[in-house]
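Undergrad:
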Amino acid sequence: ILVLAGWAVSPPAVSAAALNQQDDADQQYTALEREYRAAYASWQKRYQAADQSERPTLARQNPAGRFAPRFLELARKHVDSPVGLKAVRWLFRFGRRDLKVTRQTVEIVKKNYVEQPGISSLLPSLTYAFGYDPDPLLRAVIERNPDRSAQGIARYVLARRLMRQNRKGTDKATSNEALKLMGRVRKDFADVKLGTRTLAKLAGGAVFELENLQIGMTVPDITGADVDGAAFKLSDYRGKVVMIDFWGDW
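Quick note: the sequence shown uses this note's numbering, first residue 1, plus one each step.
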């Protein structure tokens with residue numbers, strides 16, 4: 001009886017062939033990534049040494065473009081293993097120059113990874129997607145993925161995309177949906193991390209933007225010092241035409 005009970009709770013055995021196949025897939029990915037890193041380092045060295053007139057041509061020779069189809073093939077071949085997800089992650093990070101490859105990558109993700117917890121690390125890169133529409137993928141993750149981090153991040157990214165699509169704030173339905181998504185993020189996913197910050201902090205800034213910084217709204221008052229060091233408030237100039245220049249350097 002004890003022997004039978006032991007068999008009942010033991011996990012199914014993994015065949016040696018399956019383990020070897022996984023090891024082979026890992027080796028393929030590692031070798032391809034190593035080859036890409038070497039090619040990129042060589043290209044970067046040439047780019048940094050080039051003068052300004054040569055750089056536009058060299059920029060088009062970034063090796064990510066010629067490696068993307070090979071990572072795409074790995075993603076297709078190993079959709080049922082961690083290697084496939086790693087290949088997709090590489091494609092979202094480095095392969096976005098090729099829209100055809102990116103669209104195919106999104107289709108692979110929609111078909112194979114929507115319900116997997118590991119998809120949460122892929123979602124932030126969709127915030128600034130161009131040339132294709134990732135919103136159906138984000139909505140599918142919200143609807144079907146059981147992982148809490150994936151749920152929260154998908155909502156936050158979708159809300160950010162809606163805000164970008166409605167920058168003028170003229171589409172009230174879109175603004176309201178973005179606000180509703182951000183509210184849900186703050187309520188149910190506040191502690192989920194996106195990079196080094198929590199979704200609560202990120203969504204808080206977005207909600208302030210939606211509620212206070214849309215075209216036609218009264219500008220929130222700010223204080224500062226003018227070029228002579230004298231303190232002033234923006235509201236001191238109410239009724240006058242004021243241009244505010246926000247700038248930064250990265």
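Even glycine gets a Cβ: it sits at the ideal position worked out from N, Cα and C. Note that the structure is predicted; figures quoted are calculated from it, not measured.
Considering GLY225, what are the terminal residues of the beta strand (DSSP E) in which it resides?
TA: Position 225 of the sequence shown, counting from 1, holds the residue named residue 225. The residue you asked about is not Gly; residue 225 is Ala in the sequence shown. Start and end: 223-225.
Undergrad: Return the chain-ordered list of same chain residues with a C-beta closer than 6 Å to the C-beta of ARG96, the five sequence neighbours on each side being excluded.
TA: Residue numbering aside, residue 96 sits at position 96 when the sequence shown is read from its first letter. Contacts found: THR102.
Undergrad: Give the C-beta separation of THR122 and PHE92 to the nearest angstrom, bearing in mind that I take them to be a contact with Cβ-Cβ under 8 Å.
TA: In the sequence shown, counting from the first residue as 1, residue 122 sits at position 122. In the sequence shown, counting from the first residue as 1, residue 92 sits at position 92. It should be pointed out that residue 122 corresponds to Leu in this sequence rather than to Thr. Rounded, the Cβ-Cβ distance is 5 Å, consistent with contact.
Undergrad: Can you tell which of LYS86, VAL185, GLY248 and GLN61 has its C-alpha closest to the C-alpha of TYR29?
TA: Taking the first residue of the sequence shown as 1, we reach residue 29 at position 29. With distances taken between Cα atoms, TYR29 lies closest to LYS86.
Undergrad: Is ALA231 helix, strand or coil when you go by DSSP?
TA: As a position in the sequence shown, residue 231 is number 231, starting the count at 1. In the structure shown, ALA231 sits in a strand (DSSP, three-state: E or B).
Undergrad: Using 8 Å as the threshold, is the C-beta distance between ASP188 and THR198 below it?
TA: Position 188 of the sequence shown holds residue 188. Position 198 of the sequence shown holds residue 198. Their beta carbons are not under 8 Å apart, which means ASP188 does not touch THR198 by this criterion.
Undergrad: Please go through the segment 101-150 and give each complete alpha helix (DSSP H) segment of 4 or more residues, from N-terminal end onward.
TA: Entirely contained in the segment 101-150, the alpha helix (DSSP H) runs reaching 4 residues are, in chain order, 135-144.
Undergrad: Answer yes or no: do ILE142 and ARG160 have a C-beta to C-beta separation smaller than 8 Å?
TA: Counting from one through the sequence shown, the residue named residue 142 turns up at place 142. Counting from one through the sequence shown, the residue named residue 160 turns up at place 160. The answer is no: Cβ separation not under 8 Å.
Undergrad: Consult DSSP for LYS193 and reduce its assignment to one of helix, strand or coil.
TA: Taking the sequence shown and counting its residues from 1, the one referred to as residue 193 is at position 193. Strand.
Undergrad: If you draw a straight line from the alpha carbon of PRO117 to that of ALA231, how long is it in whole angstroms?
TA: Indexing the sequence shown from 1 puts residue 117 at position 117. Indexing the sequence shown from 1 puts residue 231 at position 231. So the two alpha carbons sit approximately 51 Å from each other.
Undergrad: For the segment 64-80 against the segment 44-55, do three or more pairs of beta-carbon atoms, one drawn from each stretch, fall closer than 8 Å, so that the two count as touching?
TA: No, because fewer than three Cβ pairs between the segment 64-80 and the segment 44-55 fall closer than 8 Å, the two stretches do not touch.
Undergrad: Write down the C-beta distance between VAL219 and LEU179 rounded to the nearest angstrom, noting that I regard them as a contact closer than 8 Å.
TA: In the sequence shown, residue 219 corresponds to position 219, counting from 1. In the sequence shown, residue 179 corresponds to position 179, counting from 1. In fact, because the Cβ distance is near 19 Å, the residues do not count as touching under 8 Å.
Undergrad: Restricting to Cα atoms, I'd like to know which of MET182, PRO134 and GLU115 is closest to ALA150.
TA: As a working mapping, residue 150 is identified with position 150 in the sequence shown. Selected option, being the one with the closest Cα: GLU115.
Undergrad: Given a cut-off of 8 Å, decide if SER120 and ASP147 are closer than it, judged by their beta-carbon atoms.
TA: Numbered from its first residue, the sequence shown carries residue 147 at position 147. Numbered from its first residue, the sequence shown carries residue 120 at position 120. The answer is yes: Cβ separation under 8 Å.
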